[in-house]
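First to last, the protein sequences are chains E and L. With this note's numbering, letter number 75 in the first sequence gets 97, and the count goes up by one each step, no holes. With this note's numbering, letter number 100 in the second sequence gets 122, and the count goes up by one each step, no holes. Written out below as structure tokens is the structure these notes cover.
There are 2 protein chains.
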Amino acid sequence: MAHSHDIPTDLTRNQELVLGTLTASAGPLSAYDILDKLRGDGLRAPLQVYRALDKLVDRGLAHRLESLNAFVACADMHCHRKGLIAFAICESCGKVDEFADEVIEERLGTWARTGGFKVERTTMEIRGRCADCLAKAA
Amino acid sequence: MAHSHDIPTDLTRNQELVLGTLTASAGPLSAYDILDKLRGDGLRAPLQVYRALDKLVDRGLAHRLESLNAFVACADMHCHRKGLIAFAICESCGKVDEFADEVIEERLGTWARTGGFKVERTTMEIRGRCADCLAKAA
DNA sequence: AACGATATGTTATGTTATTACGCTTGCGGC
DNA sequence: GCCGCAAGCGTAATAACATAACATATCGTT
């Protein structure tokens, strides 16, 4: 049976290339960053990348960081899309930490229920400095 | 003494124009939307709008919605910048509801403290359908 | 008046994302 | 087999969002 880090097998060539690029990267990449890295593999147009990204994001294999206009591979291959995900983005090194918090999710649910708002998607992005960078700066 | 909805008097002409436009709008506006509305007032270049927006956002008089690449006037003239602000954006009518939640803020603080992350700025945006639009659709 | 800080106006350019169109591929039903 | 459909792909063009670089102006302070 399946184990931790396996990549779904039913990806198309472009989707695989894009996901591979994201996975190999230390930090978020813009669609155009990805495109540049994949020119050697035959990709030529932004749309090829955007289409692949759409699918990957749909499937929870990648995330879009709205405040960066960039993308990252999902950090946790187990729990795709299982709820609200928050991202902590370090302004110094660019690294992104992904985490889920049930309390926040629950709290949001309460707010929505109260106001009759139907939540479809939530983005939560924290900008700041990660512990490593703070240590280095000290 | 000052009361609820007064506009700060020390804004420059461009800042006033931009804030006025945002305040008059029912929903979020992109920088270019704003520019188009202000051509009659002599504005010609995107930068004039972006510069004004920068200041307004700095001062908490306007907010940037990252997931929309658009801007809104701050809904609450009293409590500018006093903490984490969440936005609920209706995909149907475009209206934006602005709210603060101390529990979420606190929870985020805890997470940050635990991991040694220094938070500088947080964006939280909920996409979905507002009560009004749900009622209409029913 | 001289200075610095802040704001302005303008042109050009850079970056991110989508529209439109046509071709190809895989697959189920007949 | 072959038709028809859905999904994917390739390409060109363009739209939408944002900033760089540079010159000028305005205002408060000394």
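Don't be surprised by glycine CBs; every beta carbon is placed ideally from N, CA and C. Fair warning: this is a prediction, and the values are worked out from it, not measured in the lab.
**Report entry** Opening and closing residue of the alpha helix (DSSP H) in which L:LYS59 lies
**Finding:** Note, L:LYS59: alpha helix (DSSP H), 53–59.
Query raised in the report: Closest to E:ASP76 by CA distance: which of E:ASP58, E:ARG151 and E:ALA92 is it?
Result: E:ALA92
Query raised in the report: What are the boundary residues of the beta strand (DSSP E) that E:ARG151 is part of?
Result: 140–151 is the extent of the beta strand (DSSP E) around E:ARG151.
Requested in this report: Classify L:LEU69 as buried or exposed, calling it buried when 16 or more other Cβ atoms lie within 10 Å of its own Cβ.
Outcome: exposed
Query raised in the report: From the beta carbon of E:THR144, is the nearest beta carbon of chain L less than 7 Å away?
Result: yes
Report task. Assuming L:VAL40 and L:VAL71 form a contact by the criterion Cβ under 8 Å, report the distance between their Cβ atoms to the nearest whole angstrom. Result -> Right, the Cβ-Cβ distance comes to about 6 Å (below 8 Å), so this counts as a contact.
Query - Within-7 Å CB hit, E:LEU156 to chain L - result: yes
**Report entry** Delimiting residues of the alpha helix (DSSP H) encompassing L:GLU124
**Finding:** 124–137
Query raised in the report: Going along the chain, which residues of the segment 104–123 of chain L sit with their C-beta nearer than 9 Å to a C-beta in chain E?
Result: ALA108, ALA110, CYS112, GLU113, ASP119, PHE121 and ASP123
Report task. Between the Cα of E:ALA74 and those of E:THR34, E:ASP63 and E:ALA48, spot the shortest distance and give me the residue it belongs to. Result -> E:THR34
Requested in this report: Please classify E:CYS112: does DSSP put it in a helix, a strand, or coil?
Outcome: strand
**Report entry** Per DSSP, the bridge partner or partners of L:ALA160
**Finding:** DSSP, once it has assigned bridges, lists no residue as partnering L:ALA160.
Query raised in the report: Checking contacts by CB at 7 Å: is E:ALA24 closer than that to chain L?
Result: With a pLDDT of only 40 at E:ALA24, under the threshold of 50, the placement of this residue in the model should not be trusted, and no figure is reported.
Query - Pairwise C-alpha distance: L:LYS140 and L:GLY131 - result: 9 Å
**Report entry** E:ASP123 burial status per 10 Å Cβ neighbour count (16 or more: buried)
**Finding:** buried
Query raised in the report: Whole-angstrom Cβ separation of L:PRO50 and L:LEU90, contact assumed at under 8 Å?
Result: 6 Å
Query raised in the report: Can you give the Cα-Cα distance for E:ALA153 and E:PHE121, rounded to whole angstroms?
Result: 16 Å
Query raised in the report: Which residues in the same chain have their Cβ closer than 7 Å to the Cβ of E:LEU57, if we skip the five residues on either side of it in sequence?
Result: LEU65, PRO68 and VAL71
Query raised in the report: Taking the DSSP output, what are the residues bridged to E:GLY84?
Result: One point to set straight first is that residue 84 of chain E is Ala, not Gly, in the sequence displayed. Its beta-bridge partners are E:ALA95.
Requested in this report: For L:VAL79, decide whether its Cβ has a neighbour in chain E, counting only Cβ atoms nearer than 7 Å.
Outcome: no
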